[in-house]
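All remarks here apply to the structure that follows.
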Amino acid sequence: MEIVTLTYKRPPDRVNHFQQELLYLDDDVIVTSQRVKPSSPIVQNGETVLANNFAVVWFVFTGLWYDVGKVYNLNNEWTGYYCDIMKPVKRNLDVTGQLNCFEITDLFLDLWINPDGTYQIQDEDEFEEAIQNGAIDAELERKARSVLTALIAEVEEGRLKFRLQAVFNNAQLPDLQDYVAKLP
């Protein structure tokens with residue numbers, strides 16, 4: 072598999088670079104995978120659903136203000152979806168036209184979606200702090216909130232599940248549970 076670099080920005084000035092395995096790419100979506108090291112675990116109904124070294128398959132949609140990570144625990148069991156509210160992805164191509172890097176700017180708000188379709192908004196405190204500190208201006212605040220509201224509607228109406236299934240169908244992705252079991 073091909074490795075690409077994700078440039079992850081978080082206002083006002085945080086920049087990280089992550090190496091990810093490229094699973095699929097077309098004009099509408101970039102699909103990558105990696106093992107993650109979140110700043111803190113996410114626990115739902117007494118169960119840890121996101122923690123260090125969990126595998127995530129990321130779906131980064133062109134033109135959309137969010138991404139979706141399909142999360143697998145250390146036993147390679149699907150625990151849910153993690154969605155970042157973010158500015159639309161920027162793609163960087165090499166001289167041959169191949170994707171070598173892509174960039175996202177995280178807008179703090181996140182949505183955790185359980186396999187049963189229930190969900191929980193994450194990092195509202197960080198979002199409010201970013202607003203207070205001027206890292207997020209009023210226009211970006213309104214946009215992030217409206218995107219989160221629209222994303223929740225997509226989840227409740229089943230449209231997000233349909234969007235992801237369309238990517239699976241187009242990409243002919245391997246069985247992800249088997250795939251993540253082989254991730255280093």
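Using my numbering, the letters of the sequence shown map in sequence onto residues 72 to 255. Glycine residues also receive a C-beta, built at the ideal position from the N, C-alpha and C atoms. From a predicted model like this one, the values you see are computed outputs, not experimental measurements.
Span separating the alpha-carbon of residue i from that of residue j
| i | j | result |
| --- | --- | --- |
| residue 169 | residue 128 | 20 angstroms |
| residue 133 | residue 98 | 7 angstroms |
| residue 79 | residue 155 | 11 angstroms |
| residue 130 | residue 145 | 20 angstroms |
| residue 223 | residue 141 | 16 angstroms |
| residue 116 | residue 88 | 32 angstroms |
| residue 125 | residue 148 | 10 angstroms |
| residue 107 | residue 178 | 19 angstroms |
| residue 237 | residue 90 | 25 angstroms |
| residue 254 | residue 228 | 33 angstroms |
| residue 235 | residue 246 | 14 angstroms |
| residue 233 | residue 217 | 21 angstroms |
| residue 239 | residue 203 | 40 angstroms |
| residue 213 | residue 197 | 15 angstroms |
| residue 242 | residue 110 | 31 angstroms |
| residue 187 | residue 249 | 22 angstroms |
Chain-order list of residues whose beta-carbon lies under 6 angstroms from that of residue i (same chain, five-residue window excluded)
| i | result |
| --- | --- |
| residue 139 | 130, 152, 154 |
| residue 251 | 126, 143, 147 |
| residue 122 | 112 |
Residue i and residue j closer than 9 angstroms at C-beta
| i | j | result |
| --- | --- | --- |
| residue 159 | residue 183 | no |
| residue 112 | residue 206 | no |
| residue 150 | residue 195 | no |
| residue 190 | residue 166 | no |
| residue 163 | residue 173 | yes |
Distance between beta carbons of residue j and residue i, contact taken as under 8 angstroms
| i | j | result |
| --- | --- | --- |
| residue 180 | residue 215 | 5 angstroms |
| residue 175 | residue 77 | 7 angstroms |
| residue 93 | residue 75 | 5 angstroms |
| residue 192 | residue 219 | 7 angstroms |
Burial state of residue i (16 or more Cβ within 10 Å)
| i | result |
| --- | --- |
| residue 104 | buried |
| residue 201 | buried |
| residue 231 | buried |
| residue 100 | buried |
| residue 72 | exposed |
| residue 86 | exposed |
| residue 120 | buried |
| residue 309 | The requested residue 309 does not occur in the structure, where the chain is confined to residues 72 to 255. |
Contacting residues, own chain, Cβ-Cβ under 7 angstroms from residue i (five flanking each side not counted)
| i | result |
| --- | --- |
| residue 161 | 173, 174 |
Same chain only: Cβ atoms within 8 angstroms of residue i, ignoring 5 sequence neighbours per side
| i | result |
| --- | --- |
| residue 221 | none |
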